[in-house]
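**Student:** Residue numbers (our numbering): 2 to 571.
Here a beta-carbon is modelled for each residue, glycine too, at the ideal position from N, C-alpha and C.
Note that the coordinates shown come from a computational prediction; the quantities given were computed from them, not determined experimentally.
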Amino acid sequence: MDNVAVRGVVGEEGNPPRDEDVNQPGAEGLRPGDPEQVGGYRLLGRLGEGGMGTVYLALAPTGRPVAVKMVKAEFAVEEGFAARFHAEVRNARRVASFCTAQVLDNGNDEDGRPYMVTEYIAGTPLSRQIAQHGALEAGPLHGVALGVAAALAAIHVAGLVHRDLKPANVILSMSGPRVIDFGIARALDSTQSFTQSGEVLGSPGWWAPEQVRGLEITPAADVFAWGCLVAYAGNGRHPYGRGDLVTMATRLLNSPPDLGALPAPLDDLTRRATAMDPYQRPTAQDLLLALVGGGIAAPAGPVAAPADPPTLIAGDMLSRSWRPPANVEPDSTQTLGVLDVNVLPASSASSTSSVPDPLTAPSAVPAPVPSGTAQAPPTTPPGTAQTPSSAPPGTAAAGRSPRRRRLLAVPAAAVAAALAVTVAVLVNTGDEAGQGPAAVATAGGTDVGRRIATGSLLDDPQLIISRAPRCGLTAYQGAAPVRGRFCAVRWTLLNTAGTAAPISRTPIVLVDDRGATHSPEPVSTGLPGTLAPGGRADGVLVYDLPPARKPLKLTGRVIEGGSEIEVRLS
2 MDNVAVRGVV
12 GEEGNPPRDE
22 DVNQPGAEGL
32 RPGDPEQVGG
42 YRLLGRLGEG
52 GMGTVYLALA
62 PTGRPVAVKM
72 VKAEFAVEEG
82 FAARFHAEVR
92 NARRVASFCT
102 AQVLDNGNDE
112 DGRPYMVTEY
122 IAGTPLSRQI
132 AQHGALEAGP
142 LHGVALGVAA
152 ALAAIHVAGL
162 VHRDLKPANV
172 ILSMSGPRVI
182 DFGIARALDS
192 TQSFTQSGEV
202 LGSPGWWAPE
212 QVRGLEITPA
222 ADVFAWGCLV
232 AYAGNGRHPY
242 GRGDLVTMAT
252 RLLNSPPDLG
262 ALPAPLDDLT
272 RRATAMDPYQ
282 RPTAQDLLLA
292 LVGGGIAAPA
302 GPVAAPADPP
312 TLIAGDMLSR
322 SWRPPANVEP
332 DSTQTLGVLD
342 VNVLPASSAS
352 STSSVPDPLT
362 APSAVPAPVP
372 SGTAQAPPTT
382 PPGTAQTPSS
392 APPGTAAAGR
402 SPRRRRLLAV
412 PAAAVAAALA
422 VTVAVLVNTG
432 DEAGQGPAAV
442 ATAGGTDVGR
452 RIATGSLLDD
462 PQLIISRAPR
472 CGLTAYQGAA
482 PVRGRFCAVR
492 WTLLNTAGTA
502 APISRTPIVL
512 VDDRGATHSP
522 EPVSTGLPGT
532 LAPGGRADGV
542 LVYDLPPARK
552 PLKLTGRVIE
562 GGSEIEVRLS
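1) Quick check on DSSP: helix, strand or coil for C229?
2) Between D448, L45, C472, which lies nearest to L60 when the distance is taken from Cα to Cα?
3) According to DSSP, is M53 helix, strand or coil?
4) When you compare the CB positions of G237 and R252, do they come within less than 8 Å of one another, or not?
5) Need the endpoints of the alpha helix (DSSP H) that E75 sits in, please.
6) May I have the straight-line CA-CA distance separating S176 from V145, to the nearest angstrom?
7) Determine the DSSP secondary structure at T271, reduced to helix, strand or coil.
8) Got a sec? Which residues, its chain only, sit under 7 Å from D259 by beta carbon, not counting five neighbours each side?
9) Leaving out the 5 sequence neighbours to the left and right, which residues in its chain are closer than 6 Å to G148 when beta-carbon positions are compared?
10) For F487, report the span of its beta strand (DSSP E) as first-last.
11) Quick one: what's got a C-beta closer than 7 Å to F225's C-beta in the same chain, skipping five residues either side?
12) With respect to the beta strand (DSSP E) encompassing M117, which residues constitute its N-terminal and C-terminal limits?
13) What's the call for R468, buried or exposed, on a 16-neighbour Cβ count within 10 Å?
14) In the DSSP output, what is V559 paired with across the bridge?
15) I'd like to check one pair, A234 with A132: are the Cβ atoms closer than 8 Å?
16) I'd like the span of the alpha helix (DSSP H) that includes V145, first residue to last.
17) How should R47 be labelled, buried or exposed, when 16 other C-beta atoms within 10 angstroms of its C-beta is the threshold for buried?
18) When the Cα of S128 is compared with those of L173, P62, Y280, which residue comes out closest?
19) Over what stretch of residues does the beta strand (DSSP E) that includes Q130 continue unbroken?
20) Have a look at R515, I156, M117 and flag the residue whose alpha-carbon is nearest the alpha-carbon of A68.
21) Who are M71's beta bridge partners in DSSP?
22) Going by DSSP, what residues sit across from Y544 in a beta bridge?
23) Keeping to the same chain, check which residues put their C-beta closer than 7 Å to that of Y477; ignore five residues upstream and five downstream.
24) Report all residues from its chain with a CB closer than 8 Å to the CB of I587; omit the five preceding and five following residues, and keep chain order.
25) Check R85 in the structure and name its three-state DSSP category.
26) Could you tell me the alpha carbon to alpha carbon distance between P508 and G562, rounded to whole angstroms?
27) Alpha carbon to alpha carbon, how far is L553 from F86? Give it in angstroms, no decimals.
28) Who pairs with A502 in a beta bridge, going by DSSP?
29) Rounded to whole angstroms, how far is the Cβ of R114 from the Cβ of M71, which I believe are closer than 8 Å?
30) Tell me, which residues are paired with Q38 by DSSP?
31) Using only the alpha-carbon positions, how far apart do D514 and A102 sit?
32) Where does D539 sit, in a helix, a strand or coil, going by DSSP?
33) Assign G277 to one of two classes, buried (16 or more other C-beta atoms within 10 Å of its C-beta) or exposed (fewer than that).
34) Relative to the alpha-carbon of L58, which residue among E75, V39, F76 has its alpha-carbon at the smallest distance?
35) Go to R452, then tell me how far its beta strand (DSSP E) extends in each direction, as first and last residue.
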């Protein structure tokens, strides 16, 4: 489904938009027969329509503009489709929201038609930008390549394949390129009415060869589309030219793409990405590493991500280099007080942690870290959590105001800084083969890589389990397990608020696959007592699991007075 961005959806002085505010280029009014409301969302106009259904601009009950995507009735009536659809949406909701349109909600309307609700992205579709203004210059082109690769990495880590990546599905916003319309294509691809028609899911010219041939669709198909998209943005024309469905499919299967003249390293990356053999293409994570200067691995075998991934630089690169085209309007969705966005301040985005990493060196025995502290870089005094600045006096628990100021505006640099954390998560949850005999739990269907709210307020700290647990360890920092094997869980805690956050002293326990609970071992890096405004702490929780037990989830309370969290690990 094509999504056409609408400018000016926020009313005067930040008030919810009136109906007349929506009458902007790119949007059209509701047609006869269109519903006026879906679930709790009031429909304002049409953003686009495609083979799967219709996209509407709508208002959430909070006044936030959202995109509501309604599936066509012909698919909804097929047995099992709704269940597949909602299963796909649940997976899509796990996708990190940076560089993508965040999935917010899903349900069925009164007629039983499934729908999903996503964040509304204000900006200009890449397709319109190229059609009206020609090829992108080198700087914005690199930003588009980087942002779309980050989005694909997030989508693939969640176990999804976009399947319809094209310029119309990339929105150029003030905060960077954003990928939309992912997460439900596989549900459609499984429908009897679709497969019996012999159609190929996707858009002509943006298929991968295996899609045309009716073969298995993997993340490599998205990488092929990425290569074509970057070449299109850099040259102002499609690498397979123009033509109807049959013409484009024939060219795709019988001739190499004309990638034109692209700046390095995009010339080499697009060539690799558009290889006919999907197994010869790099992954989205490979593309990210190459785009931030880390080089690209040969596709012959997986290569472990480094302990200090180069992708930490990605957000900083976008914040410094991303300049949207002059015709792109300010992203009004970033100024709503109800916006559900948590970001890491730019000042701490570039900080790195020296917490021992069991994921990259399970046999190493670093110097012991005292329990109850978060290890910081050498310039930070021992026994303190790593933060940009220390907590000012008088900002303990008693000093926290219950009416803390909400995030009313999110500058592009802050969004990009948050992207740095997310992209680091994506790479660190990737393939870790070749790192030793210890087992790595899969991140699919888990909360690994997600930002876990620790309280009910928007700016309460967020807990991130950035990598799948590393289990089967026979030693860690000089300590040996007693019951069986160590299982190490790396954590990051972010405080985006303007006040210090008091941290609970209650330990976070691990629940294994048999329901038994385990407390952290003394060798673990404990959470700090207080996390300063804008602060960050990193560490590793170590648990001693009996033989054949697997980590299921973490439970506990992170902040004083906060919510009981549950982080699914497998």
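**Tutor:** The answer reads as follows:
1) Note: C229 maps to helix in three-state DSSP.
2) Checked all of D448, L45, C472; the closest Cα to L60 is L45.
3) Coil.
4) No, the pair does not count as a contact, with Cβ atoms beyond the cut-off.
5) For E75, the uninterrupted alpha helix (DSSP H) run begins and ends at 74 to 77, by DSSP.
6) Taking the straight line joining both Cα atoms gives about 11 Å.
7) In the structure shown, T271 sits in a helix (DSSP, three-state: H, G or I).
8) Counting only Cβ-Cβ distances below 7 Å, and skipping sequence neighbours, we find P240.
9) C100, G177, P178, listed in sequence order.
10) First-last of the beta strand (DSSP E) with F487: 486 to 495.
11) Here F225 has A209, A274, T275, R282 as same chain residues with Cβ atoms under 7 Å from its own Cβ, once five neighbours each way along the sequence are excluded.
12) Per DSSP, M117 belongs to the beta strand (DSSP E) from 115 to 120.
13) Flag for R468 reads buried.
14) According to DSSP, which records beta bridges pairwise, V559 is partnered with nothing at all.
15) Their beta carbons are not under 8 Å apart, which means A132 does not touch A234 by this criterion.
16) Per DSSP, V145 belongs to the alpha helix (DSSP H) from 139 to 158.
17) So R47 counts as buried.
18) Among L173, P62, Y280, the Cα nearest to that of S128 belongs to L173.
19) First-last for Q130: 127 to 134, but that is the alpha helix (DSSP H), not the beta strand (DSSP E).
20) Among R515, I156, M117, the Cα nearest to that of A68 is on M117.
21) In the DSSP assignment, M71 is bridged to T55, Y116.
22) For Y544, the beta-bridge partners assigned by DSSP are C488.
23) Closer than 7 Å at the Cβ level, and outside the excluded window around Y477, lie P359, F487, A489, V524, V543.
24) Residue 587 lies beyond the stretch modelled for the chain, which goes from 2 to 571, so this question has no answer here.
25) In this structure, DSSP gives R85 a helical state, which the three-state scheme calls helix.
26) C-alpha separation (whole angstroms): 14 Å.
27) F86 and L553 have their C-alpha atoms spaced approximately 26 Å apart.
28) DSSP output for A502 lists L532 as bridge partner(s).
29) Rounded, the Cβ-Cβ distance is 6 Å, consistent with contact.
30) According to DSSP, which records beta bridges pairwise, Q38 is partnered with R43.
31) Distance between the alpha carbons of D514 and A102: 33 Å.
32) Residue state, collapsed to three classes: strand.
33) Correcting the residue identity first, residue 277 is Met in this sequence and not Gly. When all chains shown are included, M277 counts as exposed.
34) Check the Cα spacing between L58 and each of E75, V39, F76: the tightest is with V39.
35) It spans 452 to 454 - the beta strand (DSSP E) in which R452 sits, taken as one unbroken run.
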